[in-house]
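Following: one structure in structure tokens, then a few remarks.
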Amino acid sequence: MMEYAWLIPVMPAIAFFFLATAGRRLPNWSAIAATGTMAAGFIIFWFVLADWLSMESLPAVKAFGFSIDWMKAGGSTFTWGMVIDPISLVMLGLVTAAALGIQIYTWSYMAHEPRFTWFFAVHSLFAAAMLTLVMADNLLLLYIAWELVGICSYLLIGFFYERRSAAEAAKKAFITTRIGDVGLLIGILLLFAKTGTFELSAIFALVENGGLSDTVITAAAVLFFLGAIGKSAQFPLHVWLPDAMEGPTPVSALVHSATMVVAGVYLVARMFPFYEHSESAALMVTLIGAFTAIGAAAIALVVTDIKRILAYSTLTDLGFMMFALGAGSVTAGMFHLLVHGFSKAILFLAAGSISHGSGQTDIRQMGGLWRKMPITAVIFGIGALSLGGIPPFGGFFSKDEVITAVFDGRGLFFMSIALLIGFMKALYMGRVFFAVFFGKLKPENEDAHESPVVMLAPMLVFAFLALTIGFVALNYTDAYQGFGYFVFAGEHQEAFHLNKGIAIGSIALAVSGFILTWLAYVQGSLKTEPIIRRFSGVHRVLINKYYVDEVYQWVIDKVVLVFGRFIAFFDRAFINDIGVNGTGAIATTTGRLMRYVQSGKLYTYAMGMVVGFLGLALAWWVS
Amino acid sequence: MELYHVEMLSAALFAIGIYGVLARRNAVMILMSIELVLNAVNINAVAYAAFLDPGRLVGQVITIFVITVAAAEVGLAMAIILRLYRTRATANVDEADSMKW
Amino acid sequence: MVGVVNGIDSVLLFTLVATPFFGAIALAFFPADRHVLIHWYSRIIAASGLAIAAYLFITFDTSDDLSKYIVDFEWLPSLGIRFTLGLSGITVPLVLLNAIIFFGGVLISWNVDHRPKDFFIWLMLLVAGVYGVFASRDLFFLFFFYELAVVPMYLLVGVWGSSTDFGTFLRTKEYGAMKVMLVLVAGSVLVWIAILAMWMEAREITGIADFSIAGLSQVEFSDGFQKLYYPFLMIGFGILAGLWPFHTWSPDGHVAAPTAVSMLHAGVLMKLGAFGILAVGMVILPVGSRFWAPTLIGLGTVNVLYGAISAMGQKDLKYVIGYSSVSHMGYVLMGLGTLDILAVDGAVLQMFSHGIMTALFFAMVGVIYQRTHSRDITVLEGLGKRMGITGVFLAVAGLTSLGLPGFSSFVAELLIFIGTYRTYPILGVLAVIGAAITAVYILRMLGKVFFGPIDEDKWKDLTDANRMETGVAVLLTGFLLLWGLYPFRIVEIIDSGVVPIMERFGS
Amino acid sequence: MMEADVHFELLWPEFLVAGLAFVIFTLDFFLRPERKNILAWVSVIGLAGILAFTIPYLLDENDSLFNGLYRIDDYALFFKVLSMAIGGVVILGSIHYVNRYLTHPGEYYAILLLSVLAMMMMAASGELLTAYLSLELLSFCLYILSGFALQNKKSNEASIKYILLGAFSSGLLLYGIVMLYGAMGTTSFAEMAIFLEGIEDIDGRLLIGLTLLIAGLGFKMAAVPFHMWAPDVYEGAPMPITAYIAVGSKVAAFALVLRLFAEGLLPAIEQWNVLIAGLAALTMLFGNLVALAQTNVKRMLAYSSVGQVGFLLMGVAALSTLSSNGLMVHLVGYSVTNLAVFFAITAFYNVTGKEEIADFAGLASRSPFLAAAITISLFSLAGLPFLAGFVTKFYLFSAAAAEDLLWLAGVAMVASLISLYYYLKVIREMYINPAADGEGSTIQIPGLLYGLVGILVISVILLGVYPDPVVNMIEDATAVILPGGDASTLNLR
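Residue numbers (the numbering used here), protein chains in the order written: chain A, 1 to 623; chain W, 624 to 724; chain C, 725 to 1231; chain U, 1232 to 1724.
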């Protein structure tokens, strides 16, 4: 079955071309087409996985790939190829499942949208691009897919383009990520210039056997990480992700939490050999990851728009993953990526169903909603507890994995930071959960209602996954000896190992976090206002997201655009009006002056002749 | 008498003629000055014929032709000057400057 | 006239060049008021050209020798001028490009009802000139057709163009027309000087008066001579290619020109310059071009960044696109300047894909302008609601120009980036940054014009692109996607044309 | 010491033209005023007949009468043919103008014919005095013709300026001739060449003589700074005569100059080619720059033809077989094109009586044919492809380049770029600007002018598309005056 793996991305691609061309004529088919192909891809994935697991001598097989010639130029051949290996399998599973579920959810959520078809078309294109991205066996194809998911996110964020804010957010998202992509592309060019190939396997081989100088490796690693910073919204290019919540909720759930934004993490994991061989680059990843995580978590504690809270928590988790990768553990990173994907998906979907049911987006306007929408409450709770890191939810395992990895890789100090992040995660998760569902029901929310089954079903599935997925970390059979073993295809054992001390510590912190928020938002004995008043300055800074957006806006308005206008003016006023028109003016003016030699008086003419004759004679005489 | 004496004479005549053309405003006077130039030519021609290649008559022939042509030229010019006088009631060429630049 | 015609392919090539020319002459005898007839006639002429060009492109055999395309007649023996046509891997795509854009331009001109006869006559002459430049193998005729392609621009812009008042300054169509004509002819003067110099030098070296490119490329010009006269070619052709700082004719020309002319102007005319640098300068004066390559690539980089940045500062749609063409031609010049085979391949492909892309741009801008009578992006807002199709295709063009994978420009720019980075890493980085800036102004334009709330009562009866215009857009988009998704064939063809040139540089 | 046997029969063409002129004079007496057009037709048909007779009669005839005074060869033949053709065209183009604006058609046509005779003689004369005489004959005819609009002040002013300056210039010319005679003891081109071969450096007499010669001929050619009569005469003279002066007298002057420099002064080329080159550069730049500032179309064309003289002088400066070919090719192209544009304008003037550039506004709608004709001719003058001007300029500039005058060719290209600018201004008026109020009426052109201009425009295009036949003729003509290099030794493949 594995030779048909390429069908997984092709399926939604077909759906896209179908919808983009014929979609206008038969809108009713759009949902079926998109979801059908997605489901097909999902099924194929399972067969592929089964094949993979059933392969004998698994440790020997690192990857299964194939490729086609894309173009030949100047003696070098450019190929398009796909590769199946553990990392891509993990991503495939996540993406197909999430995309499928969220499309089903979308059936009713977007039912009344005029651009229903358009949504599914772009959604399918995104799925195709994302799947290609995770299966690409060479940097060229990876970059192509990378750009395509970017444009899809642009189109999806700008889905409600009549809203100026949505349009701006879309533009911001694309341009910000594009800045990172510059780094990525330059990195790719650098590698091609040095190695003459885009093939990942070949490049890794060179990295392993020292075919590339350390400077090149470090440079490439840093440049690739630039791309990751853009895509995965790490500081300082994180500003686009919160705004991206302008998009429809399913988009936020799929693109901006579960799949696309983790492409950066995936990239770093994929290019991991580079970071293994470049300590400085790895350290950079760690620091930026940790920095982003803490900064975002702090904001998540104060903002009140439910989707923005989730967005900042996404930032935190992304930073968390980078943190793990930087600490040298692909396993932990990918594992947290997987778990976070499902947990955050259900949180967004639940949030969507909340605003769908109650029409509220600000948590201060909510409270006690569990009476109105119990199932949603349960689902949201699962997600919140999972990401809050309460055992036995998946989030606990992954978080613990990360903290352990950080401890192993970076030592005590960084571990304490990781623990702090874990605690903050628990705090804001508890905050949003309790604030929304507990406390007394607000009168305006009296007519809030539970969402239809079509929306609940996928949420329930994801909830179940979020609940159970943690256990894939554990060691079951010889063929599958735990997630770490799987990710590394058994090359060096990194089976799940629970560090008792760390585990207890993190559990304690998580639980205490939830208890604190329970006190604050349900039981009410802990008042938040005095704290806010006490640290009003800090609070203001956090509410304003450290003013980063303002700074960027100022730079764009006052520097970039002004410079652009200046150049435009310079071009017109100097190069054109003076340079070009000036030349013409000189000619015409000279003519206008010279014509006055022609006085109309006879003797001038005669004089002209005499002068000419004398001049000739003189010139000749001199020469 | 050497050749260059004659040449000087004709050169002087030539110069005077040119001066006349440049300085005079009356069409007839300008014509006269041109005649001076032509006579300078004649003198030169004859002189060269006499001094440089005696025996051949090229110089003389030139002179005869010049004189003839000059006569015709004067006639024609006079006619046109008459037209000028008719249309503008003046023989002053400076007043005939409606076309310029 | 003793001459040779080698088989059906060469006959087709000759027909391709001759069709629009004689088509124009025939059109001169049409009754001027039969507009429908004139339009359909022009469409047929354009379509036949497209058919021939497509046939030549498809059947082009990259392994075969190219003599089967040669048409050769003695024309003016006393100067050694021959009328010689031929094809190469470089020219085939460009000929196809010209055919496509001519066809699209004729279709998009369905709304020309002011003296359409004259309009199409001049348009056909322009196209004939462009075909001629691409096909000529003799410098005299290359120059001949080069001028022929320039001349009609004057009347096309001057008569059918539009004047715009930008408040602080005014751009009349007369001004634009005069400027385009004079600047381009000024460029051709430099080219002319270089051509004569090469002819004279070759005549003194070999004792043979010969204008043929093939012949001159065999001559061993002294290094000093090459270094002296290559700049004439570089700048002379460069002016037509929008080389900084001789580029201002291009945006102003666009602002004044009617849609179809803008399409041809940016789509094809500017390519003539780059083509000349490659097919004349680099072929005949390799030493000179190697010597001046850094200058060319430097200026190309300036083009890229300068064009992109000033495009950011524009308010008028056509200015935005005009400067974006300046910027994109910069990539072409960079690619040529690297003398790196991948980059030169990329440059030629960029000529093709930029041609199609910018034609699509101008077609859609023409649609908007015809509907709203405005090109001011501060005035237009939220048109996407009423003009969805137009918006989609303008977005396609925009995404192509910011180098989105899946569209042909990505392939071209990728090749150029690779080649540039291999030879001049810093400039390679700058080029990539330029592509990022492109994203800024393109998205700014799209966001302002098509996104946001629409002024309902102002654009109450705003109509979307009609069938004809949509057809043009689909045609162009099809080519962008085709070469973007699977460039194998076209790159193969281009490569077959570029390799022999590059071999002269020993790379 | 003349040979006894002078082949007078070789002069038949000249005799016939002269005879035709006198036929017209006499016929004039017997025709009622409204029948005077017959005169024009007679002279045209007569010229055509003489043309038809001359070509086979003198082809490849190579003889020189009165030991070298007067030449009968292909070079002379070429210019004879050209002169007669030009004369015929001008007469045809004049008919309507004469009927409308002029009196005394008999004299008009007869004098025109005499001037044609003079042109034929100028091309044939192989000796300075003969050249001078034929030149004066031509000048006299032109003096009269330019003043032919008796009641028109401008016309009269033109002729008075023309004749006074012309007389003055012929004074200079004569003085130069005589100086040369004094310096070299001869006035025949061939002997001058032999003399110049002998000497290594030129003395004062020779220098002054040559300078004055150049000045005098420069006046005829209207080379800066001896050109100043040209704009006024062009503007004042009757329209067909302007065309005739612009084309005919230039052709004749260059016929003479080319033969003089090729047969007589070639040995001293290093002495004068720099001067001529400088003169050429000055002329082309001045002419074209000043033309930018003109508002009267005739005056603009006057300056533009001054600029053209600069191009032509370039061929003299770089004197060689190739460049004299180039000069003559350009001369032909220039003549055809200028005749086309002038008679197109004449047709316009016959109807409207206007000659300001602004008056051409909206001509494209008033008379598409005239607009197209003028556009094509102006583009040809500017040297744009498919038209005579492109090929001839290319040929001429290539020739100059081949003689290491690439810099001059460059200047010439810039000059023709400038010229394009003011030609485009006319075209803008015709095509872009709408007609002034009350002048939208369509212009009816008489069939004769229609046909004439049409034929001229077609020949402009033909010359541009396939010049090879003309070039071959010219090569034969050049082979006579420059026996050094015929086409075979030109290193052609």
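Glycine included, every Cβ here is placed at the ideal spot set by N, Cα and C.
9 Å Cβ cutoff, residue i in contact with chain U
| i | result |
| --- | --- |
| C/Ser946 | no |
Proximity test, Cβ basis, 9 Å: residue i and chain B
| i | result |
| --- | --- |
| U/Arg1530 | No chain B appears in this structure, whose protein chains are A, W, C and U. |
Endpoints, the beta strand (DSSP E) within which residue i is located
| i | result |
| --- | --- |
| A/Thr79 | Ser76 to Ile84 |
| C/Val1279 | There is no way to answer for residue 1279 of chain C, as the model of chain C reaches only from 725 to 1231. |
| U/Ser1356 | Careful: U/Ser1356 lies outside any beta strand (DSSP E) and carries neither H nor E. |
| U/Asp1294 | Asp1294 to Leu1296 |
One or two residues paired with residue i in a DSSP bridge
| i | result |
| --- | --- |
| C/Leu894 | C/Asp889 |
| A/Lys72 | A/Thr77 |
| C/Leu800 | C/Ile805 |
| A/Glu663 | A query on residue 663 of chain A cannot be resolved here, the shown segment of chain A reaching from 1 to 623 and no further. |
| U/Asn1268 | Note: U/Asn1268 sits in no beta bridge, so no partner. |
Residue-chain proximity (residue i, chain A), Cβ-Cβ < 9 Å
| i | result |
| --- | --- |
| U/Thr1442 | yes |
| U/Lys1392 | yes |
| C/Ser1049 | no |
| C/Leu967 | no |
Candidates the options, of which the one nearest residue i by Cα
| i | options | result |
| --- | --- | --- |
| A/Pro458 | A/Ile346, A/Ser512, A/Leu542 and A/Ile543 | A/Ile346 |
| C/Ile1166 | C/Ile1033, C/His1097 and C/Asn1027 | C/Ile1033 |
| C/Ile963 | C/Thr815, C/Ala980, C/Ala921 and C/Val915 | C/Val915 |
| U/His1458 | A/Ala219, A/Ala121, A/Leu602 and A/Gly36 | A/Leu602 |
Continuous alpha helix (DSSP H) stretch holding residue i: start and end
| i | result |
| --- | --- |
| U/Ile1326 | Asp1305 to Tyr1332 |
| C/Gln942 | Ile937 to Gln942 |
| U/Pro1462 | Trp1460 to Gly1467 |
| U/Ser1554 | Thr1552 to Thr1583 |
Closer than 9 Å to chain W by CB, residue i
| i | result |
| --- | --- |
| U/Asp1434 | no |
| U/Lys1656 | no |
Any chain C beta carbon closer than 9 Å to residue i
| i | result |
| --- | --- |
| A/Tyr4 | no |
| U/Arg1659 | yes |
Handout entry: Near-chain A residues of the stretch 1399 to 1411 of chain U (beta-carbon distance less than 7 Å), N- to C-terminal order
Key = Correct list: Phe1399, Ser1400 and Leu1403.
Handout entry: Contact set between the stretch 909 to 929 of chain C and chain U, restricted to residues whose Cβ is under 8 Å from the partner
Key = Listed in sequence order: Val909, Ala910, Val913, Trp916, Ile917, Leu920, Ala921, Trp923, Met924 and Arg927.
Practice task
Closer than 7 Å, Cβ to Cβ, to anything on chain A: give me those residues from the stretch 642 to 661 of chain W, in chain order.
Solution key: Among the residues of the stretch 642 to 661 of chain W, those with a Cβ less than 7 Å away from any Cβ of chain A are Val644 and Leu645, in the order of the chain.
Exercise for the section: Taking only beta carbons into account, state which residues of the stretch 1455 to 1469 of chain U come closer than 9 Å to chain A, listed in chain order. Expected result: Within the stretch 1455 to 1469 of chain U, the qualifying residues are Val1455, Pro1456, Phe1457, His1458, Met1459, Trp1460, Pro1462 and Asp1463.
Practice task
Can you give me, in chain order, the residues of the stretch 589 to 622 of chain A that have a beta carbon less than 7 Å from any beta carbon in chain W?
Solution key: Within the stretch 589 to 622 of chain A, the qualifying residues are Arg595, Tyr596, Gln598, Ser599, Gly600, Lys601, Leu602, Tyr603, Ala606, Met607 and Val610.
Practice task
Give the residues from the stretch 1482 to 1510 of chain U that approach chain A closer than 9 Å (Cβ to any Cβ), ordered along the chain.
Solution key: Going along the stretch 1482 to 1510 of chain U in chain order, one finds Gln1502, Trp1503, Val1505, Leu1506, Gly1509 and Leu1510 with a Cβ nearer than 9 Å to chain A.
Exercise for the section: Can you give me, in chain order, the residues of the stretch 667 to 682 of chain W that have a beta carbon less than 9 Å from any beta carbon in chain U? Expected result: Cβ proximity to chain U below 9 Å picks out Asn667, Ala668, Ala670, Tyr671, Ala672, Phe674, Leu675, Asp676, Arg679, Val681 and Gly682 from the stretch 667 to 682 of chain W.
Problem - Near-chain C residues of the stretch 150 to 167 of chain A - C-beta to any C-beta below 7 Å - result: Contacts with chain C (Cβ-Cβ distance below 7 Å) from the stretch 150 to 167 of chain A involve Ile151, Gly158, Tyr161, Glu162, Arg164 and Ala167, listed in chain order.
Exercise for the section: Please name the residues in the stretch 1617 to 1629 of chain U whose beta-carbon is closer than 8 Å to at least one beta-carbon of chain C, in chain order. Expected result: Taking a C-beta cut-off of 8 Å against chain C, the contacting residues of the stretch 1617 to 1629 of chain U are Phe1617, Phe1621, Val1622, Phe1625, Tyr1626, Phe1628 and Ser1629, listed in chain order.
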